[in-house]
Amino acid sequence: MLRFTTSERNQQVLNYLDFQYTVKRINKTCVEWRCRNRSCSSSLTLSLDNICVRREPSIHSESCQAVQPSKIIVEETVEMMKRRAREETKSISQVYAEEIVATRRRHPGVPTGYYFPTLSSIDSSLYYHRSLNYPTLPKCLNDMVLSGEWCLTRSGERFLLVDETYDNKERILLFGSRWSIEFLSFCSGWHADGTFLTRPLLFAQIYIIFGYFDGFLIPCIYCLTSRQDQVTYEKILNHIISIGYSQLNTSSMEKGARPKT
């Protein structure tokens, strides 16, 4: 059976008949693979799509030893870490820990501990795979463009409520859902707080609007602002009130348009 993993340098590795191979040459109709042990001259040929074997491996040198199954298992685990790093939002350390635990549960009798790389030795590779699904970090506020899925919730609803640039260089972003606006309208009070340590470097703060209801403070609106002054806070409140009026009026019209039973 053909099994593919990747090396620590993200090069594709073919696992076949207890030996490992890397790409030697890609031809017009096939792909040539050579033994991963560079002192061995064994090679084989696969179809161009790497699905079937065109030529079986030649004889390996006497010094070339078969790969331990536990090493292949570990490489497959690292490959799964890379895939999850690309597709999920969990922290890299959490993905690493979960995959190690899952692998040891699936293969309790295999001594994988000797081959498992430490997090510090592969974290740069995992972060690289995560970055493949993210846009390039902007160097200034004017370079930052939010569109598509970056403006929506996971369920596909609108999440970016306001994106305002003013005074040619200042910027305000407001994030929230339809539910959060409606919830704020029912709250007996609002509370706001800014955090300055945990923030994107291009912004001065993350400013959060909480709704006070039944003894609880619920975070509803998340704001990124490039300034911390009265003008900024007035703009935030005016935007929330404006969106709230529009949304609540629309909801009232929708209810009024429903046929009576």
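Count the sequence shown with the working numbering and you get residues 342 to 602, in order.
Even glycine gets a Cβ: it sits at the ideal position worked out from N, Cα and C.
Which residues DSSP lists as bridging residue i, in chain order
i    : result
V394 : L387
V503 : L515
Y456 : In the DSSP output, where bridge partners are listed per residue, Y456 has none listed.
N356 : R344 and Q361
Y548 : G535 and C564
Y553 : G530 and L558
L493 : R499
Residues near residue i in its chain [Cβ-Cβ closer than 8 Å; skip 5 each side]
i    : result
S529 : Y553 and F554
A545 : F537, T566, S567, R568 and Q569
S380 : S402, S404 and C405
C492 : R499, F500 and L501
Where residue i falls, given that 16 or more other Cβ within 10 Å makes a residue buried
i    : result
G517 : buried
T477 : exposed
I582 : exposed
E349 : exposed
R610 : Outside the displayed span of the chain (342 to 602) sits residue 610, for which this structure offers no information.
F345 : exposed
V419 : buried
Y548 : buried
V572 : exposed
S466 : buried
E498 : exposed
A598 : In this prediction, A598 scores a pLDDT of 39, lower than 50, which makes its location untrustworthy; the coordinate-derived value is nonetheless stated afterwards. Burial call: exposed.
T506 : exposed
I577 : buried
V486 : exposed
F557 : exposed
E416 : buried
Residue-level contact to chain C via CB, residue i, 7 Å cutoff
i    : result
E440 : In the structure shown, chain C does not exist; there is a single protein chain.
Range of the contiguous alpha helix (DSSP H) that encloses residue i
i    : result
H470 : L460 to S472
Y437 : I433 to R447
P410 : P410 to E428
Residues of its chain near residue i, where Cβ-Cβ distance is below 7 Å and the 5 sequence neighbours each way are ignored
i    : result
S521 : C561 and I562
S434 : L460
S388 : C371 and R395
V364 : Q353, V372 and W374
Run of the beta strand (DSSP E) containing residue i, from where it starts to where it stops
i    : result
K365 : F360 to I367
A533 : G530 to T536
R375 : C371 to C376
Y563 : F557 to T566
6 Å Cβ shell around residue i - same chain, five flanking residues per side excluded
i    : result
P452 : S411
I413 : N356
Legend entry - Segment contact flag, the segment 360 to 377 with the segment 420 to 428, C-beta cutoff 8 Å, min 3 pairs: No: fewer than three Cβ pairs fall under 8 Å.
Inset, instruction - Could you say if the segment 435 to 450 and the segment 473 to 491 meet the contact criterion of at least three C-beta pairs nearer than 8 Å? - result: Taking one beta carbon from each stretch, the segment 435 to 450 and the segment 473 to 491 have fewer than 3 pairs nearer than 8 Å; the two do not touch.
Legend entry - Meets three-Cβ-pair contact criterion under 8 Å: the segment 350 to 360 and the segment 397 to 412: With the cut-off at 8 Å, the segment 350 to 360 and the segment 397 to 412 touch.
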